[in-house]
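Q: Numbering (this note's numbering), first residue to last: 59 to 231.
Yeah, the Cβ is synthetic: ideal placement off N, Cα and C, and Gly gets one too.
These numbers come from a predicted model, not from an experiment.
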Amino acid sequence: MKAYFYDNLPGDQRLPHDSGKEVTVSDLEKVGVLYFRIPDVSGVDVLASERGYKNRDEITVSPEKMGAIYETKVRQFFDEHLHEDEEIRYIRDGAGYFDVRNEGDEWIRIKLVKDDLIILPAGIYHRFTTDDTDYIQAMRLFKEEPKWTPLNRTEGLDENPYRQDYVTQFLKA
59 MKAYFYDNLP GDQRLPHDSG KEVTVSDLEK VGVLYFRIPD VSGVDVLASE RGYKNRDEIT
119 VSPEKMGAIY ETKVRQFFDE HLHEDEEIRY IRDGAGYFDV RNEGDEWIRI KLVKDDLIIL
179 PAGIYHRFTT DDTDYIQAMR LFKEEPKWTP LNRTEGLDEN PYRQDYVTQF LKA
């Protein structure tokens, strides 16, 4: 895992966009993002049990696996959004970027590779993209039935109760 401020320069979203300003694991925790390095699935099983994750599936994001819809899907994943539940991803292979907003509404880019696990809290604004290899395989974990409902950032979304809870817990602390 490597985290840093996104440089906001034009260019392909799959490029590093590394500003050179590092972000630490402690900095990520301040915005509610949890990071773990877990070398095997048995470690994921322990974490899942501790946190009450009951379901899981795996997804591969690549042109070979997704075919003609790959580019459209990667652009959709990169739309800024939030979820009303935690987003948990364990990287099984490949690499990708999660971008999250900090308390100053700046983008923090988090590069994840094999054996990295990230937990994004409900209500955090974020987005995702593969890196320039165009390949990532990830396990998705869920507390209940698998769901993935993104709410794209629009005027008024800050009034969403999950967003308000997130802001109260992490951004106004």
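Starting from Asp223, follow the alpha helix (DSSP H) in both directions and report where the run begins and ends.
A: Stepping through the sequence shown from its first residue, residue 223 is reached at position 165. Unbroken alpha helix (DSSP H) run through Asp223: 219–224.
Q: Going along the chain, which residues of its own chain have a beta-carbon closer than 6 Å to the beta-carbon of Leu92, five neighbours each way excluded?
A: Position 34 of the sequence shown, counted from the first residue, corresponds to residue 92. These residues qualify, in order along the chain: Ile177.
Q: Taking all protein chains shown into account, do 16 or more other C-beta atoms lie within 10 angstroms of the C-beta of Asp174, making it buried, or fewer, making it exposed?
A: The residue given as residue 174 occupies position 116 in the sequence shown. Classification of Asp174: buried, given that the 10 Å Cβ count is 16 or more.
Q: Three or more beta-carbon pairs under 8 Å between the stretch 142–154 and the stretch 77–90, yes or no?
A: With a cut-off of 8 Å, the stretch 77–90 and the stretch 142–154 do not count as touching, because too few Cβ pairs lie within range.
Q: On the premise that Arg221 lies in contact with Gly181, defined as a C-beta separation below 8 Å, what is that separation, rounded to the nearest angstrom?
A: Position 123 of the sequence shown, counted from the first residue, corresponds to residue 181. Position 163 of the sequence shown, counted from the first residue, corresponds to residue 221. Contact flag correct, Cβ pair sits at about 4 Å.
Q: Should Thr82 and Phe136 be called a contact, given that it needs their Cβ atoms to be closer than 8 Å?
A: For the purposes of this step, residue 82 is identified with residue 24 of the sequence shown, where counting begins at 1. For the purposes of this step, residue 136 is identified with residue 78 of the sequence shown, where counting begins at 1. Taking 8 Å as the Cβ cut-off, Thr82 and Phe136 do not qualify as a contacting pair.
Q: If you follow the alpha helix (DSSP H) that Glu87 is part of, which residue opens it and which one closes it?
A: Locating residue 87 in the sequence shown gives position 29, counting from the first residue. 83–88 is the extent of the alpha helix (DSSP H) around Glu87.
Q: When the distance is taken between beta carbons, is Thr118 closer than 8 Å to Gln71?
A: Looking up residue 71 in the sequence shown gives position 13. Looking up residue 118 in the sequence shown gives position 60. Against a cut-off of 8 Å, the Cβ pair of Thr118 and Gln71 comes out as no contact.
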